[in-house]
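Colleague: Shown below is the structure under consideration.
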Amino acid sequence: MLQRFSVSLEEQLLTEFDRYIHGCRYTNRSEAIRDLIRKALVKKQWDEDLEVMGVITLVYDHHQNQVQDRLTEAQHDFHHQIVSSTHVHMDHDNCLEVIIVRGKAGQVRELTERLTSLRGVKDANLAMSCTGGGIR
Ligand code: NI
Numbered sequence: 001m002l003q004r005f006s007v008s009l010e011e012q013l014l015t016e017f018d019r020y021i022h023g024c025r026y027t028n029r030s031e032a033i034r035d036l037i038r039k040a041l042v043k044k045q046w047d048e049d050l051e052v053m054g055v056i057t058l059v060y061d062h063h064q065n066q067v068q069d070r071l072t073e074a075q076h077d078f079h080h081q082i083v084s085s086t087h088v089h090m091d092h093d094n095c096l097e098v099i100i101v102r103g104k105a106g107q108v109r110e111l112t113e114r115l116t117s118l119r120g121v122k123d124a125n126l127a128m129s130c131t132g133g134g135i136r
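For the record, in the sequence shown the residue sitting at position 74 is 74 according to this note's numbering, with numbers rising by one throughout.
Below, the structure is given as C-alpha cells:
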C-alpha cells in the first residue's frame, strides 16, 4: 500500500533534482525518489556485509597462460556463492563470462577481487544488487 509524505527542500536543490530526474527520463518525482531510496538501501546491505546478490562480468583472453584453469579454480573455491555462470566466445581471442553470485557481501567482493586480479583478465565488473529479503 502506498503511503504519502511531504518533503521540504530548498528551491535550488529542487531545481537541481528536477533537472536530474528529467535527464534520467523519470516521468515523476515519486519514482525517482523511490529508486534513490532503494539504491541507498542496497548500498547499506553491501556496507553491512549482509546477504546480497550480484553479477560479475569478466572479459579475458583465453590464450593467456592458465587463465582458464585459474578462473575455474577460483570459482570452485567459491561454489557456495556462485548460482550460475555463462560463457560467451566473443571473438578469436576473447571470452566473456557472466557469473551470478549470492552470499555475504564480503565473500562476493573477495571472489570478485580474486577473479579481477588474475593475469589475462582484461575487464571485470561487479553489479551489486540485493536479495529480496532486505527490501520490499
Ligand atoms: Ni571462450
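For every residue, glycine included, the Cβ atom is placed at its ideal position computed from N, Cα and C.
Are there any heavy atoms of the ligand NI lying less than 7 Å away from the beta-carbon of Cys-95, as far as the coordinates show?
Modeller: Yes; taking the cut-off as 7 Å, the Cβ of Cys-95 has a heavy atom of the ligand NI nearer than that.
Colleague: Starting from Gly-167, trace the beta strand (DSSP E) in both directions and tell me its first and last residue.
Modeller: This structure does not reach residue 167, given that the chain is present from 1 up to 136, and the question cannot be answered.
Colleague: Could you give the residue range of the beta strand (DSSP E) that holds Glu-97?
Modeller: Segment 94–104, the beta strand (DSSP E) holding Glu-97.
Colleague: Run through DSSP, which three-state label would Met-1 get?
Modeller: Correct three-state label for Met-1: coil.
Colleague: Give a yes or no on whether the C-beta atoms belonging to Ile-21 and Ile-56 are separated by under 8 Å.
Modeller: No, Cβ-Cβ distance for Ile-21 and Ile-56 is not below 8 Å.
Colleague: Check for me: the beta strand (DSSP E) holding His-89 runs from which residue to which?
Modeller: Run containing His-89: 82–89, per the beta strand (DSSP E) assignment.
Colleague: Helix, strand or coil for Val-7? Go by DSSP, reduced to three states.
Modeller: Reduced to three states, the DSSP call for Val-7 is coil.
Colleague: DSSP state of Ser-129, grouped into three classes?
Modeller: Ser-129: strand per DSSP, three-state reduction.
Colleague: Answer with buried or exposed for Arg-136, where buried requires no fewer than 16 other C-beta atoms within 10 angstroms of its C-beta.
Modeller: Note that Arg-136 scores 38 on pLDDT, short of 50, meaning its location in the model is unreliable and no value can be drawn from it.
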